[in-house]
Ligand SMILES: NC(=O)c1ccc[n+]([C@@H]2O[C@H](COP(=O)([O-])OP(=O)(O)OC[C@H]3O[C@@H](n4cnc5c(N)ncnc54)[C@H](O)[C@@H]3O)[C@@H](O)[C@H]2O)c1
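Numbering (the numbering used here), first residue to last: 384 to 739.
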């Protein structure tokens, strides 16, 4: 069973839970808005279903409310930041604002952000940069549970390590390529498990290394492993995320036996480029236009209505969900209510906020 929620009351309810967990109003609002936006864009894996995990992490001490990034290097176009175990939604925003300011002033910025709690949808950060006319490239590692097997391996050795590329486009909304390097995001398997759905082949192996379509192997013990997307190619990108997002940022790589901790730490390398400063602005605009027009003339394959570019599916989903509301399954909602209980937010208060 699912319940439909409108964006604003749902945001206020999530904000109240995060605030009851100890966050100041600005942070609570940023966390709630970021998660609800992920739902609105169709990425339920990175939406409000993360709240129970965040609250558990706060209560365990693995996630520290009300932090600000600390610059360990601030040398022109090089910026190294420590996220101080803070909420990724607040720290990520502060970090991106600093990097954007430097990229606009200097033409580019290479920013590392280590030791930050879950940054949510990485596309959120690319969107901030492209809104300022910048190109954004992100490599991110995840320290939470090892869930993805290396190409040629049978047990999980690293996380779902996302990468993202955002490019501003003249005359239309940006290209936002944003995905996990696992064949499917961990949160999507949690959502499938909660909904009692199977997953398509090629995504998962069970605890003995055999292919399976049962999402339980990604959600409850005995764990199997997710597979990287695109065999050795996606696997290589996942390693790049670990080396650049984990090692280069100083935030740390995954090299532990299983952890029972609820925190989800991220490390992110972000490279921002101002295309106007490379002297190719006119060609960039012209060639982009020619290529996209050419691309979109491709005849749709069976089962498709047209060719899209990355970012379009999310914008279509935004239009639909802003209008119709966000459907939340009963298991996810029960977990969110328990998170509210854990921070002593009365369910009646939650109900009042949701009622608008
Ligand atoms: N913070 C973390 O630790 C973490 C870890 C893993 C994933 N994530 C996030 O999870 C989210 C979901 O990841 P995912 O791997 O499930 O994404 P996904 O498989 O849904 O792929 C999404 C990407 O593919 C593009 N796309 C989808 N359909 C398309 C089509 N028909 N034509 C062209 N492009 C299309 C989308 O625009 C988007 O860029 C991402 O936002 C990612 O950043 C975060």
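Heads up, the beta-carbon is just placed ideally off N, CA and C, and yes, glycines get one too.
*asked:* Beta-carbon within less than 8 Å of residue 624's beta-carbon, same chain only, minus the 5 sequence neighbours each way: which residues are those?
replied: If you number the chain shown from 1, residue 624 lands on position 241. Same-chain partners within the cutoff: 522, 523, 524, 544, 545, 546 and 564.
Roughly how many angstroms separate the alpha carbons of residue 495 and residue 479, rounded to a whole number? Position 112 of the chain shown, counted from the start, is the residue given in the question as residue 495. Position 96 of the chain shown, counted from the start, is the residue given in the question as residue 479. When rounded, the distance between both Cα atoms is 10 Å.
Leaving aside the five residues before and after residue 582 along the sequence, list all residues of the same chain whose C-beta is less than 6 Å from its C-beta, in chain order.
Along the chain shown, read from residue 1 onward, the residue named residue 582 stands at position 199. Closer than 6 Å at the Cβ level, and outside the excluded window around residue 582, lie 575, 596 and 598.
message = Let me check one thing: in DSSP terms, what residues is residue 528 bridge-paired to?
response = Residue 528 sits at position 145 when you count from the first residue of the chain shown. Paired residue(s): none; residue 528 is not in a bridge.
Pick out whichever of 736, 717 and 709 has its Cα sitting closest to the Cα of residue 388.
-> The sequence position of residue 388 within the chain shown is 5, counting from 1. The candidate whose alpha carbon is nearest that of residue 388 is 709.
- request: Kindly provide the ranges of any alpha helix (DSSP H) runs that are 4 or more residues long and lie completely inside the segment 482 to 553, ordered along the chain.
  value: 506 to 513
Could you check if residue 697 belongs to the surroundings of ligand 1, using beta carbon to heavy atom distance under 8 Å?
Walking along the chain shown from the start, residue 697 turns up at place 314. Yes, since a heavy atom of ligand 1 falls inside the 8 Å radius drawn around the Cβ of residue 697.
Continuous alpha helix (DSSP H) stretch holding residue 676: start and end
Working through the chain shown from its first residue, we reach residue 676 at position 293. Per DSSP, residue 676 belongs to the alpha helix (DSSP H) from 664 to 678.
- Consider the C-beta atom of residue 571 and the heavy atoms of ligand 1; say whether any pair is separated by less than 8 Å. As a position in the chain shown, residue 571 is number 188, starting the count at 1. Under cutoff, so the answer is yes.
Q) If you compare alpha carbons, which of 728, 431 and 653 is closest to residue 632? A) As a working mapping, residue 632 is identified with position 249 in the chain shown. Checking every option, the nearest Cα to that of residue 632 belongs to 653.
Taking the straight line between their C-alpha atoms, what separation do you get for residue 647 and residue 384? In the chain shown, the residue the question calls residue 647 occupies position 264. In the chain shown, the residue the question calls residue 384 occupies position 1. One C-alpha to the other measures close to 28 Å.
Quiz item: If we count Cβ pairs, one from each stretch, closer than 8 Å, do we get three or more for the segment 400 to 414 versus the segment 427 to 442?
Solution: yes
Q | 9 Å Cβ cutoff met for residue 468 and residue 426 | A | Here residue 468 corresponds to residue number 85 of the chain shown, with the count starting at 1. Here residue 426 corresponds to residue number 43 of the chain shown, with the count starting at 1. Taking 9 Å as the Cβ cut-off, residue 468 and residue 426 do not qualify as a contacting pair.
* Asked: To the nearest angstrom, how far is it from the Cα of residue 704 to the Cα of residue 650?
  -> Here residue 704 corresponds to residue number 321 of the chain shown, with the count starting at 1. Here residue 650 corresponds to residue number 267 of the chain shown, with the count starting at 1. Roughly 30 Å separates the two Cα atoms.
The beta strand (DSSP E) enclosing residue 737, as first and last residue numbers:
Counting from 1 along the chain shown, the entry for residue 737 is found at position 354. No beta strand (DSSP E) holds residue 737; the alpha helix (DSSP H) holding it covers 730 to 737.
- Under the three-state reduction of DSSP, which class applies to residue 644: helix, strand or coil? For the purposes of this step, residue 644 is taken as residue 261 along the chain shown, with counting starting at 1. Residue 644: coil per DSSP, three-state reduction.
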